[in-house]
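What follows is a single structure, written as structure tokens, with notes after it.
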Amino acid sequence: MHLDIILALLAHNLAFTLAQVIPQVREFKHPGALHTQSDLDRVREHVQRGDEPWTRAFHHLEENSLAQPDRIPSPKSVVVRGKEDGLTQNYPSLYRDVHAAYQLALRWHVTKNDTYGTAAANYLDAWATTLQRIDGSSDRYLAAGLYGYQIANAGELLRSYTGWSKTNQTNFGTMLSTIFAPMNHDFLVNHNGIPDHYYANWYLCNIASLMAIGIFNDNATMYNYAIDYFTNGPSDGAVANGALPFFSIANFTEEGSGKTLMQGQEAGRDQGHALLCIMLLGVIGRQGYSQGLDTFGLFGRQILNAAEYAAKYNTGHDVQFEAYESTDGNLTAVSANQRYNLRPGFEAIFSHFAEIESMNASWSKDYRDLVNSNLIANIEGGGGDYGPNSGGFDALGHGTLMFRLTADG
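The sequence shown runs -19 to -1, 1 to 390 under mature numbering (1 follows the signal peptide of the UniProt record, and there is no 0).
Given below as structure tokens:
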């Protein structure tokens, strides 16, 4: 099977080797998922000085209805996502509360006002003492992945808050390890019983969740498993469309710039999901980078190459395309369905590659700016800014505040 993978990659003209070695993490830095302490300190200093764009981005966060300390959590014992006989979907309660906890945790870090820290901790405690399982159709695995990485990140931001007791932190970590993580692992290993069926975003969100939970719980085995899965795919050689060797369909050299544009696994499906994949790649990249791993640099910076391809097409430009087989059959053209879909997540991509690594990420900047122009503050928003449905809550967002390194010109 490994030889088959090599031949397939060579046939697609991909600059891959079969296995890429990435160092193992043995001890964790905290906070160390999407944000590190130096990130949080930098943002706080910018806001205190009134620097832009951070100040208006923070003011936008403060005005979000989910970021208010008097909002009441709505935990459920059973979260249901996906239509299933005898079950009523209720998962919006989870994603709204998770975003509320994250936004309040950010307000606490910037202001050091314990009102926000306590409110954020109350959300996490409410769910930790109530949630018993995640159920529904196959979509339950999306809930476990998307809301797993998000709620673990909210918890990671509050680790240092003295108002959140160690006992409650332990209870929260137990919820992560007994409810979310087993579902993440089950999907990655068993593919819901249908190998080579699910699109990349299903894998990416469950990888991101295992990483974030591993960080919060100091579980190096869990974290390193997720990193290796993302880098090399399942150990049994099965197809996993979110692992980089399978996510990458084709590489193209852009005329003029000479940079590589990579067609991702959902480019022929629709642009909403194609852009969701890029956001999740950014989450995985950050959750590796925060622990000192070069996850952004894997296989010749394929995360950047994929982002540039998606961003170029979604800012009105043509891209090359190579036909490929998917669960929907043979996809023969880049999909125009949901083209120009507005999704947060490109602040993190552009910040890392352009501001930290000084790489050419011009298309990512154009798409970032397109998304930001949708809000009056001209910044990347978060949950509540991109519609009431689940797609508007796939990303934690607030990337202008948290990832931007360059001041307004």
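All residues carry an ideal CB built from backbone N, CA and C; glycine is no exception.
Using a 10 Å radius around the Cβ and a threshold of 16 neighbouring Cβ atoms, would you call residue i buried or exposed?
i    : result
A317 : exposed
T276 : buried
K386 : Just to set this straight, residue 386 is Leu in the shown sequence, not Lys. It is exposed - the Cβ of L386 has fewer than 16 other Cβ atoms within 10 Å.
P12  : buried
H388 : Rather than His, the amino acid found at residue 388 in this sequence is Ala. A388 is exposed by the Cβ-count criterion.
P226 : buried
A304 : exposed
S339 : exposed
V236 : First, the amino acid is wrong: residue 236 is Glu here, not Val. Exposed, since its Cβ has fewer than 16 Cβ neighbours within 10 Å.
I132 : buried
H298 : exposed
V24  : buried
A5   : The sequence shown places Gln at residue 5, rather than the Ala named in the question. That one is exposed.
S58  : exposed
D347 : buried
P325 : buried
N94  : exposed
V264 : buried
N182 : buried
S229 : buried
R282 : buried
E8   : exposed
How is residue i classed by DSSP in three states: helix, strand or coil?
i           : result
Q244        : strand
M383        : helix
I208        : helix
A376        : coil
A9          : Note that residue 9 corresponds to Phe in the displayed sequence, not to Ala. Coil, per DSSP.
A109        : helix
S343        : helix
G363        : strand
D389        : coil
residue 397 : No answer is possible for residue 397: it lies beyond the span of the chain, which begins at -19 and ends at 390.
T143        : coil
R88         : helix
A317        : coil
H172        : helix
N370        : coil
A82         : helix
L(-17)      : Reliability fails at L(-17), whose pLDDT of 39 lies under 50, so the model's placement of it is uncertain and the value that follows must be treated cautiously. Correct three-state label for L(-17): helix.
P50         : coil
Q301        : coil
R77         : helix
G273        : coil
H254        : helix
L(-10)      : Because L(-10) sits at a pLDDT of 38, beneath the cut-off of 50, its placement in the model cannot be relied upon, and the following sentence gives the value as read from the coordinates. Three-state DSSP puts L(-10) in a helix.
L279        : helix
G218        : coil
Using CA coordinates, which residue listed in the options is at the minimum distance from residue i?
i           : options                   : result
Y294        : Q84, L105, M164 and A255  : A255
residue 392 : K64, R88 and H11          : The structure shown does not extend to residue 392, since the chain is modelled only from -19 to 390, so the question has no answer here.
Y180        : Y210, D51, C258 and W145  : C258
residue 392 : A248, Q131 and K346       : Since the first residue shown for the chain is -19 and the last is 390, residue 392 is missing from the structure and cannot be characterised.
F39         : L68, T387 and L382        : L382
G63         : Y72, D106, S343 and S55   : Y72
L377        : N134, Q5, N322 and S141   : N134
Q49         : V59, D116 and A86         : A86
P34         : V315, W344, S354 and F374 : S354
N213        : T234, N198, N200 and I188 : I188
L42         : K10, R7, H80 and F9       : H80
A207        : G154, D251 and L274       : L274
H27         : Q1, P369 and T92          : T92
R349        : I357, N341, E361 and E338 : E361
T313        : F280, I337, A102 and Q246 : Q246
R77         : W145, Y367, E338 and H90  : Y367
Y97         : Y130, G278 and R52        : R52
S238        : D120, P176 and W344       : W344
N149        : N103, Q18 and L15         : N103
D66         : N370, L185 and G117       : G117
G154        : Y270, V300 and Y130       : Y130
For residue i, which residues does DSSP report across the bridge?
i    : result
N311 : E306
E65  : L68
V60  : I115
S229 : G245
T234 : T241
T17  : G13
For the beta strand (DSSP E) containing residue i, list its first residue and its last residue.
i    : result
D116 : R114 to G117
Counting along the chain, where does the alpha helix (DSSP H) carrying residue i start and finish?
i    : result
F161 : F161 -> no alpha helix (DSSP H), and no H or E assigned at all.
T155 : K147 to M156
G136 : R121 to L138
E328 : F327 to F331
I196 : A181 to F197
E43  : W35 to E44
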